[in-house]
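Residue numbers (numbering that gives the first Met the number 0): 0 to 545.
Everything on this sheet refers to the single structure shown next.
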Amino acid sequence: MSLREHKKALFICGAIILIGGIFAINAQSKSTKKTATQDLNLYETSTISSLDVAKITDGVSSNALSQVGEGLYRLNADSQAENALATKTTVSDNGHLYTINLKHDAKWSNGDTVTAQDFIYSWKRTLNPQSKSEFTYQFANIKNATAIAAGKKAPSTLGVKAVGNYQLKITLSQPASYFKQMLASTTYYPLNKTAVTKYGKKYGTSSATTVYNGPFVMKDWTGTSDSWKLEKNPTYVDKQSVKLSSINYQVIKSPTTSYNLYQSKKLDAITLNGEQTTQNKNNPDLKSLSSGRIGFIQYNEKNAVAANQNLRLAISLAINRQQLADKVLKNGSTPAQTFAINNMLKNPKTGADFTKDATVTGTADYQPAQAKKLYQTALKQLHKSNLTVTLTCANDDTSQQLAEFIQGALRNKLGLTVKVQALPFPSMLSNVSQGNFQLNLTSWSMDYADPIQSLQILESTNNSNMGHYDSKTYDRALTAAEGTDALNKTARYQDLLTAAKTAAKDQAVTPLYQGRTSTLVNPKVKGVVYNKFNGSADYRLAHVAN
0 MSLREHKKAL FICGAIILIG GIFAINAQSK STKKTATQDL NLYETSTISS
50 LDVAKITDGV SSNALSQVGE GLYRLNADSQ AENALATKTT VSDNGHLYTI
100 NLKHDAKWSN GDTVTAQDFI YSWKRTLNPQ SKSEFTYQFA NIKNATAIAA
150 GKKAPSTLGV KAVGNYQLKI TLSQPASYFK QMLASTTYYP LNKTAVTKYG
200 KKYGTSSATT VYNGPFVMKD WTGTSDSWKL EKNPTYVDKQ SVKLSSINYQ
250 VIKSPTTSYN LYQSKKLDAI TLNGEQTTQN KNNPDLKSLS SGRIGFIQYN
300 EKNAVAANQN LRLAISLAIN RQQLADKVLK NGSTPAQTFA INNMLKNPKT
350 GADFTKDATV TGTADYQPAQ AKKLYQTALK QLHKSNLTVT LTCANDDTSQ
400 QLAEFIQGAL RNKLGLTVKV QALPFPSMLS NVSQGNFQLN LTSWSMDYAD
450 PIQSLQILES TNNSNMGHYD SKTYDRALTA AEGTDALNKT ARYQDLLTAA
500 KTAAKDQAVT PLYQGRTSTL VNPKVKGVVY NKFNGSADYR LAHVAN
């Protein structure tokens, strides 16, 4: 999606935690005391693709960067922005000017001081069209950012400047109540120009060609390796708060493998698939986390078949989302009726949830009879007697099970033949980014609580609009929501509704489910902060209790 499955996301990840011990001998009592080592063993379902803020396009890489890097703010347990490198923030000029003071003692792992210029350098580099970043849209609120990303203005015109080494002034072209939450994203992390210049194109492609300013530094990542290690960063500005000595990661794609290890007490935390969640519904170790993620099918509208609106609607109405959630995911996930998730925004007049107001009947509900009629219409429009489409997905177990469910539903309800193309996540992402797909089963994770998080990726100019959806009505609505109506809660809400309903009627994407994650967690692991909306874990304050 770029699909970060938190900006931005797109698959289920979990943690495997191994508790070890060392023995201390009391010279007087001769007793043996067991003390927990401060080491964790965690896993991801895919390897890291990059640690370069301008190149990251997936959740695994973003999660990794969040442990070894640090920005102006971080999100707390309630997903609200709190100071990280920032010490004081002043908002003025009707929400258009942010003045942010920085800590004076933050260091990079190469010994350089982290300064305001490091943020400016990073942001201008990401926005430069030569970087080909897929997340330039996140800067849209900053003056001239959109024009810079489009190559219409020079990066030097970006509405941000440094006052000395430790103050940033950011001028917005359009105010946003959630701007501090945006600044907590890894996309807004600083970069050390000395290191980027030194390593050139190799920067961020391995642990050895990356520098760090976060709680941990990375070791043993070659760029393609299926294991890597995080160690406590001795130069981190708040190193006294970091209790863990190291975190060992490995790639594990099979939930069965991790579950068996947990059952044999070799692992202390795992992510469960649907079957395992059902089996452990009464297990006191079971924890359900809102992942802030929406699963959906995106269509390549440059493909003549996928571009047929009636075919897309037929596909949507042929899928029983309740069965998909209950029989395939089985982890608490719920059917999605619009391209947004619950509890992100309420109607300022009625208090109704945005997802309820944005639902359009006949676009994401289960209507197999109507689906068949629409499919027959699509066949006539395409001058075909039958159709075969290819559904691309990641090759993890859950994605393939979802794809097979959709494959069966479309065959049984429509007579549509679906070929499932399961690829390693980096390969899938590369193919989709280059437009080498017809239908793509994916998901998108939210970084903060606002429907704009998902809706913005369907704007015609958005780099994450992989399906090339193009609607002037949709674009106008989002432009108003983020522009003239940005500070008018009622008007902005209506703009967002217009956009969501337009996308639903056009079937720009087919929303499938709102994701949740079920885990088994050893209670000895304390202090992990889970993002309320995308489920990512922050281990900065984590520790292993005795």
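Glycine is no exception: its CB is placed at the ideal position from the N, C-alpha and C atoms.
I'd like to know whether the C-beta atoms of residue i and residue j end up nearer to each other than 9 Å.
{"i": "valine 250", "j": "asparagine 109", "result": "no"}
{"i": "leucine 390", "j": "leucine 344", "result": "no"}
{"i": "serine 463", "j": "tyrosine 198", "result": "no"}
{"i": "tyrosine 42", "j": "isoleucine 451", "result": "no"}
{"i": "tyrosine 538", "j": "leucine 74", "result": "no"}
{"i": "serine 206", "j": "valine 195", "result": "no"}
{"i": "histidine 95", "j": "leucine 171", "result": "yes"}
{"i": "cysteine 392", "j": "leucine 422", "result": "yes"}
{"i": "threonine 376", "j": "threonine 416", "result": "no"}
{"i": "valine 159", "j": "lysine 152", "result": "no"}
{"i": "leucine 229", "j": "leucine 310", "result": "no"}
{"i": "serine 290", "j": "glycine 534", "result": "yes"}
{"i": "isoleucine 318", "j": "alanine 408", "result": "yes"}
{"i": "proline 522", "j": "alanine 544", "result": "yes"}
{"i": "leucine 496", "j": "aspartate 356", "result": "yes"}
{"i": "threonine 125", "j": "alanine 175", "result": "no"}
Could you tell me if residue i is buried or exposed, where buried requires 16 or more neighbouring beta carbons within 10 angstroms of its beta carbon?
{"i": "glutamate 81", "result": "exposed"}
{"i": "alanine 26", "result": "For alanine 26, the pLDDT reaches just 37, beneath the cut-off of 50, and the residue's location in the model is therefore unreliable, leaving the point undetermined."}
{"i": "glutamine 336", "result": "buried"}
{"i": "glycine 20", "result": "Model confidence at glycine 20 stands at a pLDDT of 34, short of 50, so the residue's coordinates are unreliable and nothing is read from them."}
{"i": "glycine 414", "result": "exposed"}
{"i": "glutamine 554", "result": "Residue 554 cannot be examined here, being either before or after the span of the chain that is shown, 0 to 545."}
{"i": "aspartate 449", "result": "buried"}
{"i": "lysine 525", "result": "exposed"}
{"i": "arginine 320", "result": "buried"}
{"i": "threonine 56", "result": "buried"}
{"i": "asparagine 281", "result": "exposed"}
{"i": "proline 148", "result": "The residue asked about is misnamed: residue 148 is alanine in this sequence, not proline. The residue in question, alanine 148, is buried, as its Cβ has 16 or more Cβ neighbours within 10 Å."}
{"i": "threonine 489", "result": "exposed"}
{"i": "valine 162", "result": "exposed"}
{"i": "arginine 410", "result": "exposed"}
{"i": "proline 254", "result": "buried"}
{"i": "lysine 264", "result": "exposed"}
{"i": "serine 60", "result": "buried"}
{"i": "methionine 465", "result": "buried"}
{"i": "lysine 29", "result": "For lysine 29, the predicted structure reports a pLDDT of 43, less than 50, and the residue's modelled location is therefore unreliable. A value from the coordinates is still provided. So lysine 29 ends up on the exposed side."}
Measuring alpha carbon to alpha carbon, tell me which of the options ends up nearest residue i.
{"i": "valine 113", "options": "Lys142, Ile47 and Asn212", "result": "Asn212"}
{"i": "leucine 71", "options": "Leu285, Gly434, Tyr468 and Thr185", "result": "Thr185"}
{"i": "serine 315", "options": "Thr497, Lys412, Leu50 and Gly514", "result": "Lys412"}
{"i": "glutamine 297", "options": "Leu495, Asp284, Gly534 and Ala402", "result": "Ala402"}
{"i": "tyrosine 187", "options": "Asp51, Ser287 and Gly273", "result": "Asp51"}
{"i": "asparagine 247", "options": "Lys523, Met181, Pro367 and Asp38", "result": "Asp38"}
{"i": "histidine 467", "options": "Arg475, Glu458 and Tyr473", "result": "Glu458"}
{"i": "phenylalanine 338", "options": "Ser444, Ala63, Ile318 and Ile141", "result": "Ser444"}
{"i": "threonine 333", "options": "Asp364, Gly58 and Thr223", "result": "Asp364"}
{"i": "glutamine 547", "options": "Ser78, Ser60, Gly203 and Lys252", "result": "Nothing can be reported for residue 547: it is not among the residues displayed for the chain, which extend from 0 to 545."}
{"i": "aspartate 494", "options": "Thr472, Ala507, Gly514 and Pro510", "result": "Thr472"}
{"i": "proline 128", "options": "Lys192, Ala144, Ala115 and Ser224", "result": "Ala144"}
{"i": "asparagine 164", "options": "Leu157, Thr156, Ala351 and Tyr120", "result": "Tyr120"}
{"i": "leucine 288", "options": "Asn530, Ala35, Ser45 and Asn40", "result": "Asn530"}
{"i": "aspartate 596", "options": "Ala146, Glu300, Ala536 and Ser245", "result": "Any answer about residue 596 is impossible in this case: the structure gives the chain only from 0 up to 545."}
{"i": "asparagine 307", "options": "Glu274, Leu378, Leu266 and Thr276", "result": "Leu378"}
{"i": "threonine 397", "options": "Gly273, Thr86 and Asp111", "result": "Gly273"}
Terminal residues of the continuous beta strand (DSSP E) containing residue i?
{"i": "leucine 511", "result": "508-520"}
{"i": "aspartate 494", "result": "Note, aspartate 494: premise wrong, no beta strand (DSSP E); alpha helix (DSSP H) at 488-505."}
{"i": "tryptophan 443", "result": "438-444"}
{"i": "lysine 87", "result": "85-91"}
{"i": "serine 459", "result": "Neither: serine 459 is in no beta strand (DSSP E) and is coded neither H nor E."}
{"i": "glycine 294", "result": "285-298"}
{"i": "glutamine 249", "result": "245-250"}
{"i": "lysine 218", "result": "215-218"}
{"i": "tryptophan 227", "result": "226-231"}
Could you check how far apart the C-beta atoms of residue i and residue j are, in whole angstroms? I think they sit under 8 Å.
{"i": "asparagine 567", "j": "threonine 354", "result": "Lying outside 0 to 545, the shown extent of the chain, residue 567 is not represented and no answer is given."}
{"i": "glycine 434", "j": "glutamine 173", "result": "Actually they are not in contact, since the Cβ atoms of glycine 434 and glutamine 173 sit about 30 Å apart, beyond 8 Å."}
{"i": "asparagine 330", "j": "leucine 285", "result": "Rounded, the Cβ-Cβ distance is 10 Å, inconsistent with contact."}
{"i": "valine 327", "j": "phenylalanine 404", "result": "5 Å"}
{"i": "leucine 64", "j": "aspartate 117", "result": "The Cβ separation is near 15 Å, so there is no contact."}
{"i": "phenylalanine 295", "j": "threonine 509", "result": "6 Å"}
{"i": "leucine 312", "j": "leucine 373", "result": "5 Å"}
Which first and last residues belong to the alpha helix (DSSP H) in which residue i is found?
{"i": "leucine 312", "result": "308-316"}
{"i": "alanine 480", "result": "471-481"}
{"i": "glutamine 278", "result": "273-278"}
{"i": "tyrosine 258", "result": "254-262"}
{"i": "leucine 71", "result": "It is not in any alpha helix (DSSP H) - leucine 71 carries neither H nor E in the DSSP assignment."}
With a threshold of 8 Å (Cβ to nearest heavy atom), would residue i be considered close to the ligand HEM?
{"i": "leucine 71", "result": "The ligand HEM is not among the ligands present in this structure, which contains no ligands whatsoever."}
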